[in-house]
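Numbering (my numbering), first residue to last: 600 to 1061. We put the CB at the ideal spot given by N, CA and C, even for glycine. Fair warning: this is a prediction, and the values are worked out from it, not measured in the lab.
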């Protein structure tokens, strides 16, 4: 008993006691903070009944497993929340799976709300999350693979459809997980650092989500879902740039509506990056492209601003970022108040004080709204970062600077990949069979036309 206690550093919640099960002495080991004591007692009574009835009471069952004593396995089982019986005479140990599960209800994620469709979200328990997927995908080819971590005794699990996912992509991800040198994780962000193709790229190479329906239709497209213990966030890959502009609402709304809003989101990508730099270029170098009436009005509003438009834009953009961060970190009622006060009161005060023009406030507000249109929070953060170098290039070279920045961005996206799959596919390389899915929500036609119930004249169809 003392040797086992020393192995667990004499922790106060680690219990080792000598018990007698069906006349056989054993040591019962468990963490009192992790097990369900009532379930352990029930399993011990069942074991005694099976031994008394002459059956193999020490055999494995749905809740128990028997194996030869092994110290590393003992540590792993107890850290996972099991209770372990050690029979010293026979050198066997019986693991009783009796972990005490404490979890929240699968409510809809706050940052991925939809208008129509299911309002469910993943929780911090992997078994519950896979159950949500199997309720949607009742298919035998839904495969779960687990990779054991060394230090935390935690697991990384990948889920995919064997008939849909490309075998070479599954093997690539499997190989990356097996080669991780430091196997201790507490978040999916740490895991991404090891399995991304290019970690220093600002663009995410995995889609993160907490929605079972979003994972479902991505699995049907051949993607792989990566789960970690104690986290509701799922990584999906391989992805392309256009995956981040797809929303679950696209597949629950009408075809034309879903297609229209998907194109609006793609347009918002360019607006969120290029609109401030376009305004700076026009005000600093190319004011002649504006109509005469608008030029006079714009010049009249900026003549009293004491610095160039780029400093004006940087000031307001930084102000917007501060408001955004403050509203996230503060409690929800206070955060909404700070956003309203900061956006309206302080914004109006900045214009009245002559620190920024009305036109620049409009441009920055439109840029912020265009960024919020993006369904993916990861890509939204990338857009917020990219607009700053574009503004500096526009202030230095005008439209030519915007062209340079766009070219660098395009070359970077061409060289980017997700699990060795091109990031701009199906546009580059061009795939005509999937090209329409980028811009349109393709309708799902039935193989045969539905039989009408009524015909003209009020006669029922035969």
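Within 10 angstroms of the Cβ of residue i, are there 16 or more other Cβ atoms? Answer buried if so, exposed if not.
| i | result |
| --- | --- |
| residue 911 | buried |
| residue 877 | buried |
| residue 618 | exposed |
| residue 868 | buried |
| residue 804 | buried |
| residue 1038 | exposed |
| residue 684 | buried |
| residue 834 | buried |
| residue 642 | buried |
Does DSSP classify residue i as helix, strand or coil?
| i | result |
| --- | --- |
| residue 710 | coil |
| residue 759 | strand |
| residue 624 | strand |
| residue 1140 | Residue coverage of the chain in this structure runs from 600 to 1061, which leaves residue 1140 outside it and unanswerable. |
| residue 865 | helix |
| residue 667 | strand |
| residue 951 | helix |
| residue 967 | helix |
| residue 996 | helix |
| residue 858 | helix |
| residue 804 | coil |
| residue 845 | coil |
| residue 1001 | helix |
| residue 661 | coil |
| residue 1032 | helix |
| residue 984 | helix |
Please report the Cβ distance between residue i and residue j, rounded to the nearest whole angstrom; I am assuming they are in contact, meaning their Cβ atoms lie under 8 Å.
| i | j | result |
| --- | --- | --- |
| residue 907 | residue 959 | Residue 907 to residue 959, Cβ: 11 Å. No contact. |
| residue 635 | residue 697 | 5 Å |
| residue 626 | residue 682 | Not a contact, Cβ separation roughly 11 Å. |
Expressed to the nearest angstrom, what Euclidean distance is found between the alpha-carbon atoms of residue i and residue j?
| i | j | result |
| --- | --- | --- |
| residue 1006 | residue 996 | 14 Å |
| residue 754 | residue 745 | 6 Å |
| residue 768 | residue 651 | 53 Å |
| residue 1024 | residue 674 | 46 Å |
| residue 948 | residue 913 | 17 Å |
| residue 736 | residue 814 | 10 Å |
| residue 963 | residue 1010 | 27 Å |
| residue 614 | residue 687 | 17 Å |
| residue 968 | residue 862 | 16 Å |
| residue 807 | residue 975 | 8 Å |
| residue 924 | residue 639 | 47 Å |
| residue 728 | residue 926 | 30 Å |
| residue 589 | residue 742 | Because the chain spans 600 through 1061 in this model, residue 589 falls outside it and cannot be assessed. |
| residue 891 | residue 898 | 11 Å |
Looking at residue j and residue i, is the spacing between their C-beta atoms short of 8 Å?
| i | j | result |
| --- | --- | --- |
| residue 802 | residue 885 | no |
| residue 992 | residue 1003 | yes |
| residue 956 | residue 880 | no |
| residue 842 | residue 787 | no |
| residue 693 | residue 667 | no |
| residue 966 | residue 870 | yes |
| residue 708 | residue 720 | yes |
| residue 1016 | residue 796 | yes |
| residue 1040 | residue 858 | yes |
| residue 1018 | residue 836 | yes |
| residue 888 | residue 989 | no |
| residue 775 | residue 759 | no |
| residue 699 | residue 730 | no |
Would you say residue i lies against chain C (beta-carbon separation less than 8 Å)?
| i | result |
| --- | --- |
| residue 627 | No chain C is present in this structure, which holds just one protein chain. |
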